[in-house]
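Worksheet: one structure, shown below.
Chains as they are written, first to last, in our numbering: chain A, 1246 to 1366; chain B, 346 to 850.
So this is what it looks like as structure tokens:
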């Protein structure tokens, strides 16, 4: 039986693994994708830090004792806004850097590799 | 609540207002925009000085934003450490801003002044906040502004370094959020003092998770402070940034050190049970490695700007060697050295920038070139900055290092710490002597590269001002060390801070 906790935890794990793999690649576009996946994972993780509850009252309801924690939701909202801005900026910067330097290698290698594997074997 | 109580929020509000106004005014009336920006920096300096005086009575002042009570709302906190950092930020910003205006570096792009103000807002906010998530938000504010400032002036080298800088910091921010999530899940609070009290009550089952959270949090701060092995981004980035911007960035690495000094005693202090001073055993070796790598970089650097960047890394290492002992004496000495090393880093970048302006074509390399304007004056300025950086008398570096060495006696392995600090000093001296003699003493008769007629002396104002501040820091060492010592006492007594922060009498 797959529990909610298992599902969320494994989703975060898969996102982090994929994010780290992509972030370690050599070309900016893949790195940007990796950072995006990583930030999704972080957002899910923050969301889960308030405990996973089903059908909890959001802030206050008469006669209810079990609540969903509203604070992580506020934190996630802030984090999403910030990462959205950052992602937009890093995309624009990567594009600008590619146009100006003629290479999309993260390490700034002047000679782009001719294979399209991003330098990985 | 009278007006003086509201002054605590002023260092955040002033640049937050100045930035959009400067942005709006800039297109039509350039001079007015610059004036607003400069006035904002001057106003911040005055506010910071007042706050420094106010904080000297030892009380910890709290400003509840929105008037929500402490563990629920976000609070700003003013203690001696915040006061020191605010004055440092305001002083440095005024120097950097003046230099950018004098050298006309601020005209290379439209948004220099608004970005500069937002950067200051982030810095001041980070120095004042008493809430961990708020610290993250102010980190992001100062980082976003720093991305723009770092790329200011553009060009291949800056874009290349800029991509790496931005990516490294985004990964750092993600880790920060993970650490925050873990800590919130464990303690159910984000207020630093409240967290410090609840950390002590965490059961044995969750101790492992707590250690992970603490170390993740500190590794983010260490990344911002450019401590080995996470220092690689700094020399590349700072060496290519506009000199005025690099001077301000000298403070930005110290934000990482500030966060360590602020968060570790307050959240993972001696009352934290099994998690007390969790990062301490890892911090010391990393600090030693940083000092060695930094000054080795000074030794092998190819240009003055690169050398200045490595000197910043090395000084962070020396600083953290003192911090990592977590004793009143060492922390007091460290805070003095923190003020000194920030100003020194800034003056090195400014001198390097001024020299580069006069040696076009040779700016990239510390190799002999044709004679350039005001070579003797600049040589003296460089020597003064190098003396300050390596810690030779009479400038404040000597006093700072002496205080650190004296305070370290008796701590575990203090012999090795002495060896590290003294040996890195020697390496640094040789490194600075090497580049200095190549640039200021040797000449080539290479008349093919015409030097620009830089007959203006105005661009010497900012480096001279920075070095004069170092001299006065040396002259006023008595009062300053008394203040930093009191700040260290306050920091290592987190129970008082916690009571003030939570509003418990």
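Positions of the beta carbon are idealized from the N, C-alpha and C atoms, including for glycine.
Can you name the start and end residues of the alpha helix (DSSP H) that residue i belongs to?
| i | result |
| --- | --- |
| residue 825 of chain B | 822-836 |
| residue 752 of chain B | 741-753 |
| residue 603 of chain B | 588-612 |
| residue 567 of chain B | 552-569 |
| residue 637 of chain B | 625-645 |
| residue 355 of chain B | 355-371 |
| residue 1272 of chain A | Segment: none, residue 1272 of chain A is in no alpha helix (DSSP H) and carries neither H nor E. |
| residue 543 of chain B | 537-544 |
| residue 407 of chain B | Residue 407 of chain B -> not in any alpha helix (DSSP H); beta strand (DSSP E) instead, spanning 406-409. |
| residue 485 of chain B | 477-495 |
| residue 674 of chain B | 673-703 |
Please report the distance separating the alpha-carbon of residue i from that of residue j.
| i | j | result |
| --- | --- | --- |
| residue 547 of chain B | residue 390 of chain B | 42 angstroms |
| residue 609 of chain B | residue 801 of chain B | 48 angstroms |
| residue 1304 of chain A | residue 479 of chain B | 22 angstroms |
| residue 853 of chain B | residue 590 of chain B | The requested residue 853 of chain B does not occur in the structure, where chain B is confined to residues 346 to 850. |
| residue 666 of chain B | residue 767 of chain B | 12 angstroms |
| residue 647 of chain B | residue 711 of chain B | 6 angstroms |
| residue 718 of chain B | residue 779 of chain B | 21 angstroms |
| residue 356 of chain B | residue 372 of chain B | 26 angstroms |
| residue 732 of chain B | residue 744 of chain B | 12 angstroms |
| residue 354 of chain B | residue 451 of chain B | 28 angstroms |
| residue 423 of chain B | residue 716 of chain B | 50 angstroms |
| residue 783 of chain B | residue 777 of chain B | 10 angstroms |
| residue 623 of chain B | residue 378 of chain B | 47 angstroms |
| residue 848 of chain B | residue 404 of chain B | 13 angstroms |
| residue 380 of chain B | residue 508 of chain B | 32 angstroms |
| residue 703 of chain B | residue 720 of chain B | 9 angstroms |
| residue 686 of chain B | residue 660 of chain B | 6 angstroms |
| residue 625 of chain B | residue 837 of chain B | 14 angstroms |
| residue 582 of chain B | residue 1257 of chain A | 32 angstroms |
| residue 512 of chain B | residue 1308 of chain A | 48 angstroms |
| residue 586 of chain B | residue 497 of chain B | 8 angstroms |
| residue 742 of chain B | residue 697 of chain B | 19 angstroms |
| residue 1270 of chain A | residue 1276 of chain A | 6 angstroms |
| residue 1363 of chain A | residue 1278 of chain A | With a pLDDT of 48 at residue 1363 of chain A, under the threshold of 50, the modelled position of this residue cannot be trusted, and the question is left open. |
Listing by chain order, which chain B residues have their CB less than 7 angstroms from the CB of residue i?
| i | result |
| --- | --- |
| residue 1290 of chain A | 523, 526 |
| residue 1262 of chain A | Neighbours of residue 1262 of chain A on chain B: none; closest Cβ ~14 angstroms, over 7 angstroms. |
| residue 1324 of chain A | 522 |
| residue 1320 of chain A | 478 |
| residue 1268 of chain A | 516 |
| residue 1276 of chain A | 512 |
| residue 1255 of chain A | Within 7 angstroms Cβ-Cβ: nothing; residue 1255 of chain A doesn't reach chain B, min ~17 angstroms. |
Under DSSP, the beta strand (DSSP E) around residue i begins and ends at which residues?
| i | result |
| --- | --- |
| residue 1312 of chain A | First-last for residue 1312 of chain A: undefined, no H or E at that position. |
| residue 784 of chain B | Counting along the chain, residue 784 of chain B falls outside any beta strand (DSSP E), though it belongs to the alpha helix (DSSP H) covering 759-785. |
| residue 423 of chain B | 420-423 |
Which chain A residues are close to residue i, counting only those with a beta carbon under 7 angstroms from its beta carbon?
| i | result |
| --- | --- |
| residue 519 of chain B | 1283, 1284, 1287 |
| residue 509 of chain B | 1351 |
| residue 515 of chain B | 1280, 1331, 1335 |
| residue 485 of chain B | 1327 |
Count the other CB atoms, across all protein chains shown, that sit within 10 Å of the CB of residue i; report buried if there are 16 or more and exposed otherwise.
| i | result |
| --- | --- |
| residue 542 of chain B | buried |
| residue 1266 of chain A | exposed |
| residue 514 of chain B | buried |
| residue 1365 of chain A | Because residue 1365 of chain A sits at a pLDDT of 47, beneath the cut-off of 50, its placement in the model cannot be relied upon, and the following sentence gives the value as read from the coordinates. So residue 1365 of chain A ends up on the exposed side. |
| residue 505 of chain B | buried |
| residue 1250 of chain A | exposed |
| residue 472 of chain B | buried |
| residue 835 of chain B | buried |
| residue 503 of chain B | buried |
| residue 1248 of chain A | exposed |
| residue 607 of chain B | buried |
At 9 angstroms on the CB atoms, spell out the chain B contacts of residue i, in chain order.
| i | result |
| --- | --- |
| residue 1317 of chain A | 526, 529, 530 |
| residue 1273 of chain A | 508, 512 |
Taking Cβ-Cβ distances shorter than 8 angstroms, what residues in chain B pair up with residue i?
| i | result |
| --- | --- |
| residue 1341 of chain A | 504 |
| residue 1346 of chain A | 501, 504, 505 |
| residue 1368 of chain A | The requested residue 1368 of chain A is not part of the displayed model; chain A covers only 1246 to 1366. |
Residue i touches chain A at which residues, Cβ-Cβ below 9 angstroms?
| i | result |
| --- | --- |
| residue 420 of chain B | Within 9 angstroms Cβ-Cβ: nothing; residue 420 of chain B doesn't reach chain A, min ~16 angstroms. |
| residue 482 of chain B | 1323, 1327 |
* **the stretch 809-824 of chain B touching the stretch 660-672 of chain B, judged by at least three CB pairs closer than 8 angstroms** => no
* To do: Determine contact between the stretch 557-564 of chain B and the stretch 518-534 of chain B, defined as no fewer than three beta-carbon pairs at a distance below 8 angstroms.
  => yes
* If we count Cβ pairs, one from each stretch, closer than 8 angstroms, do we get three or more for the stretch 752-766 of chain B versus the stretch 714-725 of chain B? -> no
* To do: Could you say if the stretch 1338-1347 of chain A and the stretch 1287-1303 of chain A meet the contact criterion of at least three C-beta pairs nearer than 8 angstroms?
  => no
* Asked: Pairing CB atoms from the stretch 1278-1292 of chain A with CB atoms from the stretch 1316-1327 of chain A, are three or more of them under 8 angstroms?
  -> yes
* Asked: Are there three or more Cβ pairs, one per stretch, closer than 8 angstroms when the stretch 453-470 of chain B is compared with the stretch 591-598 of chain B?
  -> yes
* Asked: Would you call the stretch 571-579 of chain B and the stretch 635-649 of chain B in contact, with 3 or more CB pairs under 8 angstroms?
  -> yes
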